[in-house]
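Residue numbers (our numbering), protein chains in the order written: chain X, 18 to 125; chain C, -3 to 110.
Glycine is no exception: its CB is placed at the ideal position from the N, C-alpha and C atoms.
This one's a predicted model, so the numbers in the text were calculated from it and none came from an experiment.
Report on the structure given below.
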């Protein structure tokens, strides 16, 4: 089966850096994806880590450690528009499933 | 434009009245999936389909049916809706179910069952 753990809520100040952690358990692990969802909107793909290490895409970076079944999403230079829910989603032998997500609130 | 289209976007219905939420994708994706989203519970998978005529249950399949007769369409059927099926529903598709797949989501269908 699969299990996922993410913090339910995170609050950070505009301009700061925030890290959202994800621990997972899945059979036949391939990689870890991250999705963003604004209130009232649909989830949208942010990043994917198939290998250990850091992937950087602009202000967002994502990290994976296969041996620790752990990953994180790093958001730098936070902006108010980054207030959203963030979901990690491990892919493996069973199709992609999502957890409860982390609600990020960016405050001035 | 590559997209996943869901209809209806909003629906209010009554208990027991059968309804279908349609989902169509124009990207020739093999994998399609339905999720429901409820406050505090995240995205829960209802059913998924790896390809035409191949469907399987997700985490919360009770009360729902699906079919995949064509690659592009994956309708969600509620034979006898009940109030606990009031939720926000998302259809999504991707090239495959594994690897560096990128799920493309529809805009969502907000369903209220009275």
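Assign residue i to one of two classes, buried (16 or more other C-beta atoms within 10 Å of its C-beta) or exposed (fewer than that).
i              : result
residue 6(C)   : exposed
residue 99(X)  : buried
residue 30(X)  : exposed
residue 107(X) : buried
residue 90(X)  : buried
With DSSP as the reference, label residue i as helix, strand or coil.
i             : result
residue 61(C) : strand
residue 55(C) : coil
residue 34(C) : strand
residue 23(C) : coil
What's the C-alpha gap between residue i and residue j?
i              : j              : result
residue 36(X)  : residue 92(X)  : 6 Å
residue 17(C)  : residue 20(X)  : 29 Å
residue 86(C)  : residue 20(C)  : 12 Å
residue 39(C)  : residue 54(X)  : 11 Å
residue 22(X)  : residue 11(C)  : 35 Å
residue 117(X) : residue 78(X)  : 21 Å
residue 27(X)  : residue 101(X) : 10 Å
Restricting to Cα atoms, I'd like to know which of the options is closest to residue i.
i              : options                    : result
residue 25(C)  : 46(C), 77(C), 32(C), 18(C) : 46(C)
residue 114(X) : 29(X), 51(X), 31(X)        : 51(X)
residue 88(C)  : 72(C), 82(C), 59(C), 65(C) : 72(C)
residue 94(X)  : 34(X), 117(X), 122(X)      : 34(X)
residue 107(C) : -3(C), 42(C), 82(C)        : 82(C)
**Asked** For the region 66 to 96 of chain C, which segments carrying the alpha helix (DSSP H) assignment without a break, of at least 4 residues, lie completely within its bounds, in sequence order?
**Response** none
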